[in-house]
Amino acid sequence: MKRILFLFGFLFISLGFQLESQAQVRVVTYHDSLQSAIKEVYFIKSTTDSVMHGYYRKYYPTGQLEAMVKVVEDKRDSLYTEFFPNGTPKLTVPYKEGKKNGPFSAIYPNGKKLQEGQYVNDLQSGPFRSYHENGQLKQETTFVEGFPEGSVKEYFPDGKLKSEITYTRKVQSGVARTFHPNGEKESEAKYRNGMIEGGYRTFYDNGQLETETISLGPTKPATFKTYYKSGKLMTEGSVLAGKPEGPSVAYYENGQRRATLTYSKGVRVGLAQSFDENGKLQQEIKYSNNERDRKITRYYPTGVIAAQEEYKDNKRVGTWQEFHENKQVKTTEPYKNGKINGERLTFHDNSQPESKATYLNGKIISTLVTYFPSGKVKSETFYKDGLRFGTFKQLYENGKTEMAGTFRNNRETGTWTYFDETGKPTKKVEYRNGQVIADKK
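Quick note: to get my numbering, add 813 to the position in the sequence shown (first position is 1).
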């Protein structure tokens, strides 16, 4: 009787197991539309329930196993393992009810350790270490409930210290330092509750100070200075809330001022000046309207004005002018809404006209005439819809023709004839759409 009951119980358990297995549905995905290479194999509870339940396997296109884990009710619940194409383990992470729990490790293709650590309830816990491919320690950190705590150190492949940062109760605190590969200090700052306290300094690899920022509190501008590798001052100014604030000065390495400007909430305001290495004023810009309006004056080394320009709402406006070093006008360009409107004139340094043309909304609408310094006409170019069009002639100063031809849609076309100063033809060139098709002398 007992044997009959035992057999009945065994059959009941076996039957239940078979029914459960038969209820699961095997799912297969492929790398290609021809279904020649399996990508994934896993199980779902039934055709009407897509919850994953059972072993999940992923494959490379070659057929080698890429990853494997047991899934229970859509949650990983075993050692998750990834493999290299050659079959050796790449990564192992233990899971329990969908959360990482236990020691994990990652491996380089050469078999050396890449990373190791511990998880508790899906959070990093305890020492974590990563390594360079040569086996040298790369970084070491201690975690408490998923956050770094204490000293976090990073190393160069040769084992030299690269950086050291300290965390207290989940936030960066204390002194933080980074280092150059030669061992010289690269940066240094003190943190309190995740914020820089006091100052921040960076250094060149020769030990020379590169930048220095001194904080006077969150509501006051922090002063900053930068230096050349020689130790000479490069720039000085202030920063508030991460933006430049107040006067700022830049210097050449020889000590001469390079530029002076003023900021308000990160925006340039008022007069800004730039200088050459000899201390000569090169340019002045007057800023307003959040930098959208500005008046620019450029200078020759002699102090003579070289150019005057104006922007309003970031568009060119007013009459732009350039000057020769003898103070004579070189160019005048009238602008409206960012485009040339009116007569554009250029002049030789003896005040004689060099060229003149009329524009409308940035497009030339008249004949462009050029002149010799003597005032005699040098050339006339006709335009149509802003493009060179029609006959063209350029003259020698003695009045003889130098070249003559035709433009069509801004390109040379037809026969162009070239002459010497006596008026004798020297060659003829045939053009088609701006390309030379024949050149005859």
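Every residue, glycine too, gets a C-beta built ideally from N, C-alpha and C.
Quiz item: In terms of residues, what are the limits of the beta strand (DSSP E) holding ARG1105?
Solution: No beta strand (DSSP E) holds ARG1105; DSSP gives it neither H nor E.
What do you reckon, are the CB atoms on THR1132 and THR1144 nearer than 8 Å?
-> No, Cβ-Cβ distance for THR1132 and THR1144 is not below 8 Å.
Environment of PRO1061 [buried if 16+ CB atoms lie within 10 Å]
Reading off the sequence, residue 1061 comes out as Ser, not Pro. Buried is the call here.
Start-to-end residues for the beta strand (DSSP E) that takes in THR1144: Per DSSP, THR1144 belongs to the beta strand (DSSP E) from 1142-1149.
- Task: Note down, in chain order, each residue of its chain lying with its Cβ closer than 7 Å to the Cβ of LYS1176, except the 5 sequence neighbours on either side.
- Result: Counting only residues of its own chain and dropping the five nearest sequence neighbours on each side, LYS1176 has a CB closer than 7 Å to the CB of GLY1199.
Check your understanding: Rounded to a whole number of angstroms, what is the C-alpha to C-alpha distance between GLU886 and LEU927?
Key -> Looking at the two C-alpha atoms, the distance is approximately 31 Å.
Inset, instruction - Please work out which residues of its chain come closer than 6 Å, Cβ to Cβ, to SER891, disregarding the five sequence neighbours upstream and downstream, and give them in chain order. - result: The answer, listed in chain order, is VAL882 and LYS883.
*Entirely enclosed beta strand (DSSP E) segments - the stretch 1049-1091, minimum 3 residues*: Qualifying beta strand (DSSP E) stretches, in chain order: 1059-1064, 1070-1077 and 1080-1088.
Next item on the list: Would you mind stating whether LYS1078 and LYS1099 have Cβ atoms separated by less than 8 Å?
Entry: Not in contact: LYS1078 and LYS1099 (Cβ atoms no closer than 8 Å).
inquiry  = Per the DSSP calculation, ASP971 is bridged to which residue(s)?
reply    = According to DSSP, ASP971 shares a beta bridge with no other residue.
(request) Enumerate in chain order the residues of its own chain whose CB-to-CB distance from ASN1163 is below 8 Å, with the five nearest sequence positions on each side excluded. (result) Counting only Cβ-Cβ distances below 8 Å, and skipping sequence neighbours, we find GLN1141 and PRO1186.
Nearest-angstrom Cα distance between GLY915 and GLY924? Here the alpha carbon of GLY915 sits roughly 21 Å from the alpha carbon of GLY924.
- Three-state class that DSSP yields for LYS1136 in the structure shown: One point to set straight first is that residue 1136 is Phe, not Lys, in the sequence displayed. Correct three-state label for PHE1136: strand.
>> Suppose only complete runs of 3+ residues qualify. What are the beta strand (DSSP E) ranges in the stretch 875-928, listed by chain order?
In response: Runs of beta strand (DSSP E) with 3 or more residues, each lying fully within the stretch 875-928, are found at 878-885, 892-896, 902-909 and 915-920, listed in chain order.
Checklist line | 8 Å Cβ cutoff met for GLY959 and LEU936 | finding: Yes, they are a contact pair.
Q | Among GLU997, ASN995 and ILE1027, the one whose alpha carbon lies nearest that of LEU1009 | A | According to the sequence displayed, residue 1009 carries Ile and not Leu. Selected option, being the one with the closest Cα: ILE1027.
What does the alpha-carbon distance come out to for the pair ASP1252 and GLN1207? Taking the Cα positions, ASP1252 is about 19 Å away from GLN1207.
(Q) I believe LYS1254 touches LYS1237 by the beta-carbon criterion, under 8 Å. Please report the beta-carbon distance rounded to the nearest angstrom. (A) Contact doesn't hold; Cβ gap of about 12 Å is too wide.
Under 8 Å between C-beta atoms of LEU1084 and TYR1064:
In this structure, LEU1084 keeps its C-beta atom at 8 Å or more from the C-beta atom of TYR1064.
### Query
For THR1183, which of ASN1174, PHE1205 and THR1024 has the nearest alpha-carbon?
Each of ASN1174, PHE1205 and THR1024 was checked against the Cα of THR1183, and the nearest Cα belongs to PHE1205.
Notebook entry, point to check: Is LYS1152 closer than 8 Å to ASN1174 when the C-beta atoms are compared?
Noted result: Cβ atoms of ASN1174 and LYS1152: closer than 8 Å.
Q. At what residues does the beta strand (DSSP E) containing VAL1190 begin and finish?
A. Counting along the chain, the beta strand (DSSP E) containing VAL1190 begins and ends at 1190-1197.
- Whose C-beta lies closer than 8 Å to the C-beta of GLY900 among residues of the same chain, with five residues either side of it excluded? Take GLY900, set aside five residues on each side of it, and the residues of its chain with a beta-carbon closer than 8 Å to its own are GLN877 and LEU878, in chain order.
- Task: Can you tell me which of LEU1022, GLY1068 and GLY1012 puts its alpha carbon nearest to the alpha carbon of GLY1030?
- Result: When only C-alpha atoms are compared, the closest one is GLY1012.
Item checked: Which residues DSSP lists as bridging SER806, in chain order -> One cannot answer for residue 806 here, as it falls past the ends of the chain, which runs 814 to 1254.
* Spatially closest choice to ALA850 from THR842, GLU962 and ILE857, by CA coordinates -> For the set THR842, GLU962 and ILE857, the Cα lying nearest the Cα of ALA850 is the one of THR842.
Note to self: Buried or exposed, going by whether 16 or more other CB atoms sit within 10 Å of the CB of LYS973?
What the structure shows: So LYS973 ends up on the exposed side.
- Message: Taking DSSP's pairing of strands, which residues face ARG1157 in a bridge?
- Response: DSSP, once it has assigned bridges, lists ALA1170 as partnering ARG1157.
> How would you label GLU813, buried or exposed, when you count the other beta carbons within 10 angstroms and need 16 or more for buried?
Replying inline: The chain is shown only over 814 to 1254; residue 813 falls outside these bounds and no answer can be derived.
Going by C-alpha distance, which of SER1043, VAL1082, THR1039 and GLN1069 is nearest GLU1058?
When each option's Cα is compared against that of GLU1058, the closest is VAL1082.
At the level of alpha carbons, what is the spacing between ASN1150 and ARG1105?
When only Cα atoms are considered, ASN1150 and ARG1105 end up about 13 Å apart.
What is the C-beta distance between GLN949 and SER938, in whole angstroms, given that I count them as a contact (C-beta under 8 Å)?
With 8 Å as the limit, GLN949 and SER938 do not qualify as a contact, their Cβ atoms being about 25 Å apart.
8 Å Cβ cutoff met for GLU1193 and THR1214: The answer is no: Cβ separation not under 8 Å.
- prompt: Applying the criterion that 16 or more other CB atoms from any shown protein chain within 10 Å of the CB defines a buried residue, is GLY1068 buried or exposed?
  reply: Exposed, by the Cβ-count rule.
| field | Runs of beta strand (DSSP E) wholly within the stretch 1202-1229 (minimum 3 residues, chain order) | value | Listed in chain order, they are 1214-1221.
query = Do PHE941 and THR954 come within 8 Å of each other at the CB atom, strictly closer than that value?
reply = Yes, Cβ-Cβ distance for THR954 and PHE941 is below 8 Å.
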